Each structure stands twice: as structure tokens, then as C-alpha cells.
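The structure appears right after this line, and notes come after that.
Residue numbers (the working numbering): 362 to 861.
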């Protein structure tokens, strides 16, 4: 669905269906989406088989990284959406007296038509959770899947329809970049995009014509702070997990590890035992040929600048071709972990946003220098701190990141109850959790005036200036003297005979 006419038709159908869907009670919408969890279980193999990219570590990884988090998302929306989106009523106790009997509330209303620009690395969970949040909030949805993710996206939509979502409410566009551009050119109300910071800039430029709002979940180059009190066995085990997860194609994978120089040798010994154990077959994954071409010269440059490979980088021994729906085969190159020790800010490899099993070990004098070095990176998606909790908590407010994990990596961010988003070049806005659900809505204020007291509808009186100046002093003055003076001024003005 790439032609202008097809995209235009899809938008028209989704907008029409959204008008009816938004009138369905929130409780009913949430109940329908809650059924999605059971359907994920029933269709788990079909969903998993739709993931075509070779970075994925088999069905086990799909269960843990995508299916369980998505099922939990549907379940959480079913139980908590009504509470999260409940109207907020203003308190009579805090109501300014000049508003009289006014009663106000804030409703959450759908944005309208949401365009989801899907990503390829987690096409079930990321696209699926964004889709479910948008639907519960009452929106119509357009999805532009990433290339190679057409099949799994169609399956997600099929399961939504089986839950009771109107068939025309969710429209799947073609996977080409042109399809997304056309949708934004025609006009949508909100865009949710997962991708690189460069792609995010282009999306923002394209939304400007219609002033569409956007949520951008962009690149990460996540930092890991290893405190002197850290359990190095734990750190090494989790870094092995983070580097290998989805073949390194994870936006919140660890990329930069700050280690104090005095403990560097012990740390590197533990890490090498995990990533390059002599008793096991070497682990490897697949890099896209484009990523391999990008990263190979940067690794060589870092070595020239003083960094060193902790273990041999096993690369390029095998090649793979995967044909997509457009008939064009994508090239992939095998790669083992890429662990560079002695990386410093200023090197091109430092702060590189790339989907690869790349780990940069950054020696620092102390934690103060680690904070300084971390601030030199323009990304702020996620960070991890390893060490005593009391020490870690002192650092939290100094780290620029959307999520900060203490003594863990990656996994806690999949909690459906929590928002997820970045800072800086990692984007803005959030998906998931309460905040992510509210992001799919607009606040609408409804104020109801009761009674007949409408002083602002009267013609101005000579005494009004003195009266309101006294009100200002009495209500908001600093100290009892000015407040009492204001009260006296109010009483004097009231006793004055009104004149026009």
C-alpha cells in the first residue's frame, strides 16, 4: 500500500472507523484489548515465525523479549486503563474564590489518527505495545512496518480484529519509507516513531506541515557505571546477556562501560571469561552488511588512537542472504563480540549508535570522571549502575537518561507499568506505562459555571480597581501585614457606592 491513492483511502477508512471506536466506552475497549494476551499465547509460534531477521536468538529469545512483555501489556491495559484515564476533577477547596461556583474536570480524549512507524529489531513487542495503547485510548491507527516485518505486523492486526477491534480501524501501509512520508503529508494527528536519531529528525520535519504531535523513541548508546562496591561477577554476567541479546540489535544494550582504573584488570578478567570462554564454542551473531561496513573502519581507527581489542573480533567468516517481500535479498555478515578496552571520549567509536555486539570499556579515575565522560555522549536512553544501592542512588539524579537501572540491565524496562523514553538525541515523549497511555490522548478541559454570580459580565465600576487590588494583596501577599491591608482595602471598596 504505497500509492498516494491507497494511503489516502487507508487514512479515510481509519478516520471513519475511529469516530465509532472512540464512542465505545473505555471499559469495553480495555476489555477487548485484554483478550489480546490469550491470543498471543495461542498464536505464539506464528508470531515468532514472522521475525525474519537473523539477529534473533531463536524462539526462546522471542518468548522472553517480545511475547511475554506484549501479553503483560495487554493484561495491564485491561486492568488499569480505566484508572489511568479517569477524569480528574478540580478540588473545591483549592478553587480560587474569584471563580465562584465554577466546577472543572480534565478528560482524556483520543488524539485521533496515530501513525506508528515500526522498527525491525523488536517488531512484535514494540509495534504491538504501541498499537494496543493507541487502541485502548480510542484512536485509529496506521502502521508502516519496517522492511521484512510485514508478515508479523499483519498478524498483530489480525489478532486485534479477533479481539473485537473494527477491521477498518487499523490500517497497515506498505513498508517503504515513501508510504510513511505520504501518510504524514496527507495528515495524521500523532506519530509514534522508533528508529535512529537521523530518522527522527526527518520525521519531525515531515510532521511540521500539519503540526502533528510526535513521540520519538530513538537511538541509544547506553552507559554502565561500575562502582568500587560492585559485584564484578554480576556485572560480567549481565554484560554478557546485554551484548548478546538479539545479536546486539537492542537500543538499550550496554555500549559504554565506565570502570575505575584501579579495578580494571579484575573487571576485564571476569568479562573475558564470560564473553570468550575457552571451553565453549565462540558465540556469534549477524550484522547487516551496511552495519559491518560502518563499524569496521571505526574499530580500526579506535585501535590507532590507543584502544585495543580485548579478544579477537571474529568477523566475516560467513555470509547470509535473506530475501524480503520486495524480492531484494539483504546481505548479512557473521560477527562475534567486539570489546574495545581503553576507549575515550573523542574517539569516533565512542557514542556510536549501532546495532552490533559492541562494548566500549572506558577507564576512569573516579566516578566524577565517569559522569563527565558520560555527559560527552549526546544520547540518553538508559543507564545502569552497579554497586551498593545507597551509593547508586546518589548518582541517579546526575545521569541524563530516561531509565536508570540499579544492579540490572535491560529487563526491567519491559515492565508494562513503566514508561519508556529518552533524552537528548534519544528522543522525546514516552511509550508504555501510564504515561505512555496518556501520551496517546489529549487533555480536554470542561468547566461548568453554576449560579448567577458573573461579575466579569458587568460593566466596570469606579471601585473595581480598588477592590481587585485589595483582593490581590489579601490572597497572595507575603506576610500578614500586606494581607490585612488588602482585606481593609476590599472592605472599604465594598462600602463605596458603585458608579459606572
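Ideal Cβ placement from N, Cα and C applies to all residues, glycine included.
A quick note: this is a predicted structure, and the numbers were derived from the prediction, not measured.
Query: According to DSSP, is residue 555 part of a helix, a strand, or is it coil?; Result: strand
Query: In the DSSP assignment, the beta strand (DSSP E) including residue 468 goes from what residue to what residue?; Result: 464-471
Query: Give the single residue among 846, 858, 555 whose Cα lies nearest to the Cα of residue 822.; Result: 858
Query: Looking at C-beta atoms only, is the number of pairs between the segment 503-520 and the segment 407-414 that lie closer than 8 Å three or more?; Result: yes
Query: For the candidate residues 769, 714, 828, whose alpha-carbon lies nearest to that of residue 581?; Result: 714
Query: Mapping the DSSP letters down to three states, classify residue 508 as helix, strand or coil.; Result: coil
Query: List the whole-angstrom C-beta distance separating residue 507 from residue 479, where the pair is believed to meet the contact cut-off of C-beta under 8 Å.; Result: 5 Å
Query: Report the three-state DSSP secondary structure of residue 526 (helix, strand or coil).; Result: coil
Query: Closest to residue 579 by CA distance: which of 556, 692, 702 is it?; Result: 556
Query: Closer than 7 Å by C-beta to residue 773: which residues in its own chain qualify, once you throw out the five before and the five after it? Chain order, please.; Result: 766
Query: Out of 724, 824, 839, which one is the CA nearest neighbour of residue 852?; Result: 824
Query: Per DSSP, which residues does residue 439 bridge with? Please list them.; Result: BP columns for residue 439 are empty, so no partner.
Query: How many angstroms separate the CA atom of residue 712 from the CA atom of residue 728?; Result: 18 Å
Query: Could you say which of 365, 835, 747 lies nearest to residue 594 if we only look at CA atoms?; Result: 747
Query: In its own chain, which residues sit with a C-beta less than 8 Å from the C-beta of residue 781, not counting the 5 before and 5 after it?; Result: 578, 763, 764, 774, 791, 792, 793, 794, 797
Query: Answer yes or no: do residue 707 and residue 741 have a C-beta to C-beta separation smaller than 8 Å?; Result: no
Query: What residue range is occupied by the uninterrupted alpha helix (DSSP H) comprising residue 604?; Result: 593-605
Query: Just mark residue 801 as buried or exposed, buried being the case when its beta carbon has 16 or more other beta carbons within 10 Å.; Result: buried
Query: Take residue 535 as the anchor and find which of 834, 656, 443, 366 has the nearest alpha-carbon.; Result: 366
Query: Report yes or no: is there a C-beta of chain C within less than 8 Å of the C-beta of residue 608?; Result: Among the protein chains of the structure shown there is no chain C, as only one such chain exists.
Query: May I ask you to report which of helix, strand or coil DSSP gives residue 808?; Result: strand
Query: Could you tell me whether the Cβ atoms of residue 705 and residue 723 are closer together than 8 Å?; Result: yes
Query: Whole angstroms are fine: how far does the CA of residue 601 sit from the CA of residue 633?; Result: 10 Å
Query: Can you find the residues in the same chain that come closer than 6 Å, C-beta to C-beta, to residue 807, ignoring five residues on each side of it along the sequence?; Result: 466
Query: Identify whether residue 642 lies in helix, strand or coil by the three-state DSSP scheme.; Result: coil
Query: Kindly indicate the opening and closing residues of the alpha helix (DSSP H) around residue 716.; Result: No alpha helix (DSSP H) contains residue 716, which DSSP labels as neither H nor E.
Query: Which of helix, strand or coil does DSSP assign to residue 549?; Result: coil
Query: Would you tell me roughly how many angstroms separate the C-alpha atoms of residue 484 and residue 631, rounded to the nearest one?; Result: 34 Å
Query: Hey, could you find the ends of the beta strand (DSSP E) residue 583 is sitting in?; Result: 583-587
Query: Does the distance from the C-beta atom of residue 615 to that of residue 720 stay below 8 Å?; Result: yes
Query: Would you kindly report the start and end of the unbroken beta strand (DSSP E) that includes residue 710?; Result: Note, residue 710: premise wrong, no beta strand (DSSP E); not H, not E.
Query: Here's the rule I'm using: 16 or more other beta-carbon atoms within 10 Å means buried, otherwise exposed. How should residue 505 be labelled?; Result: buried
Query: For a test of the three-state rule: what should DSSP assign to residue 744, helix, strand or coil?; Result: strand
Query: Out of 799, 641, 436, 754, which has the shortest C-alpha to C-alpha gap to residue 468?; Result: 799
Query: Is the distance from the Cβ of residue 589 to the Cβ of residue 629 below 8 Å?; Result: no
Query: Within the continuous beta strand (DSSP E) that includes residue 618, where are the two ends?; Result: 615-621
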